[in-house]
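Residue numbers (my numbering), protein chains in the order written: chain A, 54 to 258; chain B, 54 to 258.
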């Protein structure tokens, strides 16, 4: 084995996950294979298996990498108001809805269904941890806005966090099942913003 | 074949669909078989196939029957205000979230994924028709409320209909994936009501 730096390994892993993402967007989770990723990434079998032991392992690492971006967004020190920061994140999701990059919604559904059958498995507990981590970060974000006097939430911030996620997930799910145009996904984002305004009562809005 | 009345056939079909429902709640869609339904309903193979040609056929008919109840609810002549009628429907969904009857959310996900691969099939076009029918009925309901001066919607009623469905579907999806308690489903219903209030601006609320 050649001696490689941590930095090189991280870069290589990210490239493999990007290739894997394209495979999962195209084929979903159930039909995707390690071989598909090897072909998409143009690497040897050994290279892929040096980083990931199975397709399930690849998927969990991909989810982790995708979440990292969202979590960092809400955890970062902000330069604008909490409400503007929230609007900015919602706007990024809106652009993703119609982007050509495609979403992992279908693959996510298949992955969740696949691991539901193996309760107690590492992936199954990761899925729950993941949900709870997102809720914790969103709740902390809404709480911070409340403590600075930017938000006057009408319900517990935890409830608002769960609800925000459900509304977003519902838009993503129905987009994936019926198409973003059919479900008027862009217009629904306006309704999501109106709902968040009613729940958080931001002073800046 | 014995001569049977239409009424008898309808009753028989409903009983078969109820048995099928219990199977789909327990096993999801992918793993359920015609044999499971035969055993659950305690009927002969011939009896089941006299009504349904395949497991896919059973599922489409079950969806149709379930939707019928919701659609009738919104289409019926009302004795109370539109807002109270909406609250009543939301309350029924809330009770279903924690009922022991179980939901079809998992089976629905599996069914939707299964028929996505067969675009152009009868089931695939039924799924789209079904979505559009629900949206049409909800939109008409919100429009009726607007025309009687009960609602002062801040966005097009069609957009509100799509959004209401996304929010509900997101709550159901996350309940199914992580459990109704984990996602605070009961509390989320309060947020859904607050969101609908902000979108519809009902005069009675």
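Don't be surprised by glycine CBs; every beta carbon is placed ideally from N, CA and C.
Residue-chain proximity (residue i, chain B), Cβ-Cβ < 8 Å
i: residue 196/A; result: no
i: residue 213/A; result: yes
i: residue 155/A; result: no
i: residue 163/A; result: yes
i: residue 89/A; result: no
i: residue 175/A; result: no
i: residue 202/A; result: no
i: residue 216/A; result: yes
i: residue 181/A; result: yes
i: residue 184/A; result: yes
i: residue 237/A; result: yes
i: residue 230/A; result: yes
i: residue 143/A; result: no
i: residue 101/A; result: no
i: residue 124/A; result: no
i: residue 244/A; result: yes
Those residues which DSSP pairs with residue i across a bridge
i: residue 204/B; result: 255/B
8 Å Cβ shell around residue i - same chain, five flanking residues per side excluded
i: residue 174/B; result: 168
i: residue 188/A; result: 211, 214, 215, 218
i: residue 206/A; result: 195, 199, 213, 252, 253, 254
i: residue 120/B; result: 183, 186, 187
i: residue 177/B; result: 168, 169, 171
i: residue 89/B; result: 76, 80
i: residue 201/B; result: 135
i: residue 151/A; result: 233, 238, 239
i: residue 203/A; result: 134, 135, 136, 255, 256, 257
i: residue 124/B; result: 186, 187, 190
Chain-order list of residues whose beta-carbon lies under 7 Å from that of residue i (same chain, five-residue window excluded)
i: residue 210/A; result: 192, 195, 196, 199
i: residue 66/A; result: 104
i: residue 227/A; result: 236
i: residue 43/A; result: Residue 43/A cannot be examined here, being either before or after the span of chain A that is shown, 54 to 258.
i: residue 126/A; result: 142
i: residue 87/A; result: 101, 108
i: residue 208/B; result: 252
i: residue 149/A; result: 156
i: residue 225/A; result: 156, 158
i: residue 98/B; result: 91
Short CB-CB distance (under 8 Å) between residue i and chain A
i: residue 227/B; result: yes
i: residue 193/B; result: no
i: residue 241/B; result: yes
i: residue 222/B; result: yes
i: residue 267/B; result: The structure shown does not extend to residue 267/B, since chain B is modelled only from 54 through 258, so no value can be given for it.
i: residue 115/B; result: no
i: residue 207/B; result: yes
i: residue 248/B; result: yes
i: residue 252/B; result: yes
i: residue 219/B; result: yes
i: residue 166/B; result: yes
Neighbourhood of residue i by C-beta distance below 6 Å, restricted to the same chain and skipping five residues each side
i: residue 155/B; result: 78
i: residue 159/A; result: 81, 229
i: residue 163/A; result: 81, 82, 83
i: residue 117/A; result: none
Chain-ordered neighbours of residue i on chain D, where CB pairs are closer than 9 Å
i: residue 140/A; result: Going by chain labels, chain D is absent from the structure shown, which instead holds the protein chains A and B.
Report task. Check whether the region 55-67 of chain B touches the region 128-143 of chain B, taking contact to mean three or more Cβ pairs, one atom from each stretch, closer than 8 Å. Result -> no
Query raised in the report: Whole alpha helix (DSSP H) runs in the region 140-220 of chain A with 4 or more residues, listed along the chain?
Result: 158-169, 175-200
Query raised in the report: For the 8 Å Cβ check, are there 3 or more pairs between the region 245-254 of chain A and the region 227-240 of chain B?
Result: no
**Report entry** Contact the region 97-116 of chain A vs the region 213-220 of chain A: 3+ CB pairs below 8 Å
**Finding:** no
**Report entry** Touch test, the region 60-71 of chain B against the region 94-104 of chain B, Cβ-Cβ under 8 Å, three pairs minimum
**Finding:** yes
Query - Runs of alpha helix (DSSP H) wholly within the region 55-143 of chain A (minimum 4 residues, chain order) - result: 59-80, 87-94, 98-102, 108-128
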